[in-house]
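See structure below.
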Amino acid sequence: MRFFWRFLIVFMIALFLSYLATHAFRRVAIKANWVDRPSSKKIHNKPIPTMGGICIFLVYWLIYFLGIPSENQIADIGAMVASSTVIVLTGIIDDKVELKPWQKLAGILLGANIYYFFTDIRLDHFTIAFLGTIEFQEISYLIMMLWIVGITNAMNLMDGLDGLATGTGIISLVTMGLVSYFFTNSANNAMVVLVFLLVAVLLGFLPHNFYPAKIFLGDTGALFIGFMIATLSLNGLKQATFVSLIIPIAILGVPLTDTVAAIFRRLLKKKSVSKKDWGHLHHRLLRLGFTHRQAVLFIYAMGIIFSLIALLFPISSLLGTIILLLGLIFGVMLFIESFNLLDSEKTPLRRLLRRLKRNTKQTK
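Each position in the sequence shown, counted from 1, maps to that position plus 267 in our numbering.
Put into structure tokens, the structure is as follows:
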């Protein structure tokens, strides 16, 4: 209990320091000309200070090392700092000169490899009830790289509206922290501290980043948030089971679904998967008539629904888990079809909807 109150004080200090530091950093960004200028590929219509991720990164690790006792720090903290530094540097370069997709990927992979080779975290097997343990063996490295790169890029792609990636990150991290604290076999205080400390820093940043934004995360911040979510979720998978693998995927249901849909959408159109388009969920909501703020709040609400589903997995029976999983899969398919994220009229569900619409008109 003493640790709880001590961390609560650190949490509040981190929140307020992040708020004040972001205000000061915004002035620095303006003077240094770190601004995101309007273009045909962007939604905002005036220059906005960017690279707010630098502020988040510095405040986060500063508070961690000054405010968290060494006995409550994880053993692999050096590797986490080093790998996240590589990610932030990749984001800074991308915000300044706009890296090519393969160059950005190389930076993310470098950070992921530092994390892989200098920590003892491995995703090399998982257990399924009544079926036993499945070993990944030689492909465990590839699975971890795919996990880190996939989640990092998913959060980066969410950064399309003011406050969207920041708020989605907060919702995901809070859910991860609750699952880790209440539903793991032994509460991992060190991991919970890392999660909720990042929540505090993001909460301090959000008022400056929410619509109308006074400062952007930039790729610097979006990549950092995504990378931290990816690596922190791996910390919770040391004793991986099928359910423990599903939980972070469910928590990140919105950004992962949007990312996977974007990949298939571009493949269906025979375009490069790295080619940017205007088919993401937030773009479609704006075209449907949602205001900027309404679109962000709608996606927040969807993120909370996915998170609530994730919280049900640890307390469900085997039958309940199967039902939840089937419901989650159906929900994702309905989500994709409802907003036509594949940008195709040839999917089975859309053909069924058109047929129902025709039948309804004929009946009338």
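Using N, Cα and C, we set each Cβ at its ideal position, and we do this for glycine too.
Nothing here was measured: the structure is a model prediction, and the numbers come from that model.
- Straight across, the Cα-Cα distance linking G320 with V521 is about 22 Å.
- DSSP places E365 outside both helix and strand once states are collapsed to three, so it counts as coil.
- If you draw a straight line from the Cα of W328 to the Cα of V348, it is about 8 Å long.
- Contact between the stretch 358-365 and the stretch 478-489 is present: three or more C-beta pairs spanning the two stretches fall below 8 Å.
- Secondary structure of V302 (DSSP, three-state): strand.
- The alpha-carbon of G430 is positioned some 21 Å away from that of S351.
- A distance below 9 Å separates the beta carbons of I496 and G436.
- Shown here, I335 sits in coil according to DSSP, grouped into three states, outside any helix or strand.
- CA-to-CA, the gap between R304 and D362 works out to about 11 Å.
- At least 9 Å separates the beta-carbon of L390 from that of L523.
- Taking 9 Å as the cut-off, the Cβ atoms of R533 and D544 count as close.
- I335 is the residue among A568, G493, I571 and I335 whose C-alpha sits nearest the C-alpha of N456.
- Membership of L593 in the alpha helix (DSSP H) is indicated by the continuous run L585 to S605.
- Nearest to H290 by alpha-carbon distance, out of A480, F573 and I514, is A480.
- Following the DSSP letters along the chain, one finds L465 inside the alpha helix (DSSP H) bounded by residues N456 to N476.
- Around the beta carbon of R293, 16 or more other beta carbons sit within 10 angstroms, so the residue counts as buried.
- Taking 9 Å as the cut-off, the beta carbon of Y382 is found closer than this to the beta carbon of I415.
- The residues A432, L484 and A489, in chain order, have a CB closer than 7 Å to that of D426 in the same chain once the five nearest residues on each side in sequence are set aside.
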